[in-house]
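*Asks:*
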Amino acid sequence: MSEQAQMVYVTAPGHDVAVALAEAVVGERLAACANILGPITSVYWWDGKLNRDGEVAMIFKTTAAHIPALTARIRQLHPYECPCIVALPIGGGNPDFLAWIAAETAPL
129 MSEQAQMVYV
139 TAPGHDVAVA
149 LAEAVVGERL
159 AACANILGPI
169 TSVYWWDGKL
179 NRDGEVAMIF
189 KTTAAHIPAL
199 TARIRQLHPY
209 ECPCIVALPI
219 GGGNPDFLAW
229 IAAETAPL
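In the working numbering, the protein residues as written are 129 to 236.
#1: Leaving out the 5 sequence neighbours to the left and right, which residues in its chain are closer than 6 Å to Glu131 when beta-carbon positions are compared?
#2: How far does the beta strand (DSSP E) with Asp181 in it extend, from its first residue to its last?
#3: Nearer than 8 Å: is that true of the beta carbon of Val184 relative to any heavy atom of the ligand GTP?
#4: Between the alpha carbons of Asp111 and Pro223, how many angstroms are there, rounded?
#5: When you compare the CB positions of His143 and Ile164, do they come within less than 9 Å of one another, or not?
#6: Which residue or residues does DSSP assign as beta-bridge partners of Gln132?
#7: Does the Cβ of Phe188 have 16 or more other Cβ atoms within 10 Å, making it buried, or fewer, making it exposed?
#8: Between the Cα of Ala148 and the Cα atoms of Arg203, Ala133, Ala193 and Met135, which residue gives the shortest distance?
#9: Which residue comes first and which comes last in the beta strand (DSSP E) that contains Gly155?
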């Protein structure tokens, strides 16, 4: 279970913030890889008001065992009060790539 590959979806207010988050998390081997996508438009409720803002999305590839540390680190570095951090299990894929994810994350 701890080696199960996971994708973690995160949003950030801009490209520079996304790059800084990605470099920190991947540099610390909490994730094997980060993809930075965008710009995107997010529509959401906050403080009782409907908002629409430009953001950047990130997809981190990691293992289930790294989710708690990765989440804590992103929350520590992220400028948002309540950042979007959502982990999704990877049900299958290229076995070599999935093994690479496990190999490139820090041993626990």
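Just so it is clear, CB atoms sit at the ideal spot from N, CA and C, and this is done for glycine as well.
*Replies:* Taking the structure as given:
#1: Excluding sequence neighbours, Glu131 sits near Thr191 and Ala230.
#2: For Asp181, the enclosing beta strand (DSSP E) starts and ends at Lys177 to Thr191.
#3: Absence of the ligand GTP from the depicted structure is noted, as is the absence of any ligand whatsoever, leaving it without description.
#4: Any property of residue 111 remains undetermined from this structure, which presents the chain solely from 129 to 236.
#5: Pairing His143 with Ile164 gives a Cβ-Cβ distance under 9 Å.
#6: BP columns for Gln132 are empty, so no partner.
#7: Burial check for Phe188: the Cβ neighbour count within 10 Å reaches 16 or more, so the residue is buried.
#8: Of Arg203, Ala133, Ala193 and Met135, the residue nearest in Cα terms is Arg203.
#9: Not the beta strand (DSSP E): Gly155 falls in the alpha helix (DSSP H), residues His143 to Gly155.
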